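One point on numbering: in the working numbering, the residue at position 44 of the sequence shown is 72, and numbering is uninterrupted. Where is the CB? At the ideal position from N, CA and C, for every residue including glycine. No experiment lies behind these values; they were computed from the predicted model shown. See below for the structure under consideration.
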Amino acid sequence: MKKISLILAVIFLINFFSCIPGWAKTDYEIVFSENFEGDLSRWRLFYEGGKQKDSQKNKYIGCYLEMGIAKDQLTDTKLPRAESTPFPVEGGKIYTVMADMCGMDDQVGYLVFLDEKGHRLDDKGYKFQNNINSSDWQCGYSYVEAPEEAKKASVILMGGKAACNFDNVIVCKDRVGISSDFDSREKYGPQALSNSITEAQKYDIVFSQTFEEGTLDDWTYSDRSSSVKIRKTDSNAYTGRKSLTVKNDTPGKTVGITTPSFSVIPNFLYEFSADIYKQGIGNNSVELIVNFYSEKGEKLEAFTLKADASDWESYKLSLTVPEKAVTGDILIEGGSGTAVSYVDNIFLINKTVRTSEEEKLEKIKKSSVIIKTGTSNALSKGVKTLIDENNSKVVPLIIDSRTLVPVRFLASNFDFKVSWDETTKTVTLNKEDKSCKIVLGNKEIELNGEKIISDTPAISIEGRTMLPLRILCEKVLGKFVFWDQSGLIVIGDEEALTQEDKGIIEALVQAAL
Numbered sequence: 029m030k031k032i033s034l035i036l037a038v039i040f041l042i043n044f045f046s047c048i049p050g051w052a053k054t055d056y057e058i059v060f061s062e063n064f065e066g067d068l069s070r071w072r073l074f075y076e077g078g079k080q081k082d083s084q085k086n087k088y089i090g091c092y093l094e095m096g097i098a099k100d101q102l103t104d105t106k107l108p109r110a111e112s113t114p115f116p117v118e119g120g121k122i123y124t125v126m127a128d129m130c131g132m133d134d135q136v137g138y139l140v141f142l143d144e145k146g147h148r149l150d151d152k153g154y155k156f157q158n159n160i161n162s163s164d165w166q167c168g169y170s171y172v173e174a175p176e177e178a179k180k181a182s183v184i185l186m187g188g189k190a191a192c193n194f195d196n197v198i199v200c201k202d203r204v205g206i207s208s209d210f211d212s213r214e215k216y217g218p219q220a221l222s223n224s225i226t227e228a229q230k231y232d233i234v235f236s237q238t239f240e241e242g243t244l245d246d247w248t249y250s251d252r253s254s255s256v257k258i259r260k261t262d263s264n265a266y267t268g269r270k271s272l273t274v275k276n277d278t279p280g281k282t283v284g285i286t287t288p289s290f291s292v293i294p295n296f297l298y299e300f301s302a303d304i305y306k307q308g309i310g311n312n313s314v315e316l317i318v319n320f321y322s323e324k325g326e327k328l329e330a331f332t333l334k335a336d337a338s339d340w341e342s343y344k345l346s347l348t349v350p351e352k353a354v355t356g357d358i359l360i361e362g363g364s365g366t367a368v369s370y371v372d373n374i375f376l377i378n379k380t381v382r383t384s385e386e387e388k389l390e391k392i393k394k395s396s397v398i399i400k401t402g403t404s405n406a407l408s409k410g411v412k413t414l415i416d417e418n419n420s421k422v423v424p425l426i427i428d429s430r431t432l433v434p435v436r437f438l439a440s441n442f443d444f445k446v447s448w449d450e451t452t453k454t455v456t457l458n459k460e461d462k463s464c465k466i467v468l469g470n471k472e473i474e475l476n477g478e479k480i481i482s483d484t485p486a487i488s489i490e491g492r493t494m495l496p497l498r499i500l501c502e503k504v505l506g507k508f509v510f511w512d513q514s515g516l517i518v519i520g521d522e523e524a525l526t527q528e529d530k531g532i533i534e535a536l537v538q539a540a541l
């Protein structure tokens with residue numbers, strides 16, 4: 029009987045402690061987190077809400093979010109708040125939402141659920157708050173069930189009439205045990221990160237712009253007579269404090285601005301997205317046009333994302349990069365009219381899942397100079413070019429079992445300054461703290477004042493100085509060299525290939541032709 033009682037007591041204690049926050053489920057999946065150590069580019073801020081501060085009060089906290097507003101601006105309908113970028117959730121699942129809070133007013137957090145189009149499913153939201161209004165940090169949390177039709181969720185942090193502070197916002201799938209003891213949480217509980225896993229971060233980002241840095245210096249204007257600028261505003265940015273304002277004041281004209289060019293991969297599936305809001309009436313719905321260009325700069329197929337939303341909405345467009353495309357850019361354009369459009373969070377991401385071999389091939393193409401014996405074509409860091417634009421007879425070649433390569437082409441493609449002294453027949457290479465002199469017909473090479481000996485002297489072929497491959501690339505330029513019996517030569521900053529990489533070697537041979 030005593031044995032049975034003891035077993036029942038143990039079972040009771042296990043069940044009791046499993047119900048206490050901090051003793052519940054410890055294997056958790058975080059779907060959103062923010063510790064405010066980075067920037068605020070994933071938050072939409074209202075009424076001066078969201079100033080980052082650094083706290084020394086609790087050393088583990090670090091930076092936190094202070095929600096405050098000037099007293100003369102405060103009304104019951106104008107409270108400072110911050111809304112997170114929506115993140116994916118599953119309908120019908122239980123979620124734990126938590127945040128550290130402190131302050132002497134009613135600081136409140138909400139978790140709101142959104143449908144497929146981003147519309148809120150209810151007006152109330154699910155509240156988690158610090159109920160004691162304490163100047164000491166406390167953990168507010170709640171367990172909520174996502175509606176069946178929920179596809180996304182967003183965290184809303186709301187301030188009051190006094191300074192309200194937030195830190196370590198976390199949303200976990202399932203019911204997770206929470207402890208108000210900071211040391212225990214730090215040791216056993218879920219930890220907030222500076223960046224949640226977002227949809228864009230799962231793939232390669234081809235181009236992105238959140239406008240938080242506040243500069244468009246490298247963008248190109250189509251028409252400067254109208255207003256295209258980054259505007260600092262609390263109410264007209266989808267996340268953070270800044271967005272792009274597009275306004276056309278010139279009748280009959282179209283205002284536009286184009287992003288810098290970026291590299292693309294032919295035949296890959298990309299997804300283009302942006303947050304857009306049109307204020308006022310008029311027919312100037314803003315258009316975002318993704319343009320693609322061939323190696324010769326010819327304009328290929330273009331894809332247009334058109335928006336006419338009267339409030340902030342997120343738009344997406346799937347597209348396949350044209351077969352001959354090597355570069356692209358994005359044109360943001362507004363038509364004539366009186367309305368103003370705002371654009372925020374532009375992303376172009378590569379959604380094609382590549383094999384490790386494809387990733388390795390792409391990395392080598394973008395970081396190396398690739399040449400082939402007997403061939404005047406070359407691939408320099410992803411761009412096809414000629415070894416000598418004025419003479420197609422300048423090629424790498426083999427003489428007396430030595431592979432000779434053109435000095436000027438390789439040195440200049442690795443950012444060396446190249447000069448020629450006709451009187452002394454000397455080629456001089458300079459880069460930062462490295463200097464080299466090569467004299468035609470001489471086996472001695474002067475490198476940073478010291479002599480190194482080549483087994484073959486520098487010679488001139490077709491008016492270009494040629495040196496043995498390895499002495500130039502490895503000794504002088506300080507690069508790694510891969511040579512294949514097919515004549516393929518790959519030169520880069522790391523040892524990227526072996527003879528086992530047959531598929532990659534074959535693809536590089538084709539790329540270099």
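Starting from residue i, follow its DSSP beta bridges and name the residues at the other end.
{"i": "residue 283", "result": "362"}
{"i": "residue 116", "result": "180"}
{"i": "residue 458", "result": "445, 463"}
{"i": "residue 524", "result": "None, per the DSSP bridge assignment."}
{"i": "residue 374", "result": "237"}
{"i": "residue 122", "result": "173"}
{"i": "residue 232", "result": "378"}
{"i": "residue 356", "result": "290, 320"}
{"i": "residue 71", "result": "112"}
{"i": "residue 146", "result": "For residue 146, which the question treats as bridged, DSSP gives no partner whatsoever."}
{"i": "residue 327", "result": "321"}
{"i": "residue 193", "result": "94, 130"}
{"i": "residue 412", "result": "407"}
I believe residue i touches residue j by the beta-carbon criterion, under 8 Å. Please report the beta-carbon distance rounded to the nearest angstrom.
{"i": "residue 375", "j": "residue 350", "result": "About 20 Å separates the two Cβ atoms, so there is no contact after all."}
{"i": "residue 286", "j": "residue 357", "result": "5 Å"}
{"i": "residue 120", "j": "residue 174", "result": "6 Å"}
{"i": "residue 108", "j": "residue 205", "result": "Between residue 205 and residue 108 the Cβ distance is about 31 Å, and since that is not below 8 Å, they are no contact."}
{"i": "residue 59", "j": "residue 115", "result": "6 Å"}
{"i": "residue 465", "j": "residue 454", "result": "6 Å"}
{"i": "residue 352", "j": "residue 328", "result": "6 Å"}
{"i": "residue 535", "j": "residue 389", "result": "6 Å"}
{"i": "residue 404", "j": "residue 384", "result": "No, residue 404 and residue 384 are not in contact; Cβ-Cβ is about 32 Å, not under 8 Å."}
{"i": "residue 371", "j": "residue 468", "result": "Their Cβ separation, rounded to whole angstroms, is 58 Å, which puts residue 371 and residue 468 out of contact at 8 Å."}
{"i": "residue 218", "j": "residue 233", "result": "Actually they do not touch by this definition, with Cβ atoms about 26 Å apart."}
Does DSSP put residue i in a helix, a strand or coil?
{"i": "residue 436", "result": "helix"}
{"i": "residue 43", "result": "Model confidence at residue 43 stands at a pLDDT of 46, short of 50, so the residue's coordinates are unreliable and nothing is read from them."}
{"i": "residue 518", "result": "strand"}
{"i": "residue 389", "result": "helix"}
{"i": "residue 537", "result": "helix"}
{"i": "residue 481", "result": "strand"}
{"i": "residue 384", "result": "helix"}
{"i": "residue 531", "result": "helix"}
{"i": "residue 474", "result": "strand"}
{"i": "residue 395", "result": "helix"}
{"i": "residue 500", "result": "helix"}
{"i": "residue 165", "result": "coil"}
{"i": "residue 509", "result": "strand"}
{"i": "residue 59", "result": "strand"}
{"i": "residue 319", "result": "strand"}
{"i": "residue 405", "result": "strand"}
{"i": "residue 419", "result": "coil"}
{"i": "residue 301", "result": "strand"}
{"i": "residue 429", "result": "coil"}
{"i": "residue 488", "result": "strand"}
{"i": "residue 38", "result": "In this prediction, residue 38 has a pLDDT of 45, which is less than 50 and means its spatial position is unreliable; nothing more can be read from the coordinates."}
{"i": "residue 342", "result": "strand"}
{"i": "residue 206", "result": "coil"}
{"i": "residue 332", "result": "strand"}
{"i": "residue 349", "result": "coil"}
{"i": "residue 156", "result": "strand"}
{"i": "residue 469", "result": "coil"}
{"i": "residue 252", "result": "A caution first: residue 252 carries a pLDDT of 47, below 50, which makes its placement in the model unreliable, though a value can still be read off. Correct three-state label for residue 252: coil."}
Return yes when the Cβ of residue j is within less than 8 Å of the Cβ of residue i, no when it is not.
{"i": "residue 378", "j": "residue 317", "result": "no"}
{"i": "residue 73", "j": "residue 110", "result": "yes"}
{"i": "residue 523", "j": "residue 508", "result": "yes"}
{"i": "residue 414", "j": "residue 393", "result": "no"}
{"i": "residue 313", "j": "residue 342", "result": "no"}
{"i": "residue 129", "j": "residue 193", "result": "yes"}
{"i": "residue 305", "j": "residue 339", "result": "yes"}
{"i": "residue 238", "j": "residue 458", "result": "no"}
{"i": "residue 435", "j": "residue 493", "result": "yes"}
If we cut at 8 Å on Cβ distances, does residue i have a partner in chain C?
{"i": "residue 425", "result": "Absent from the structure: chain C. Only one protein chain is present."}
Between residue i and the ligand GDP, is the CB less than 7 Å from at least one heavy atom?
{"i": "residue 493", "result": "Only the bare structure without any ligand can be found here, which leaves the ligand GDP out of the picture."}
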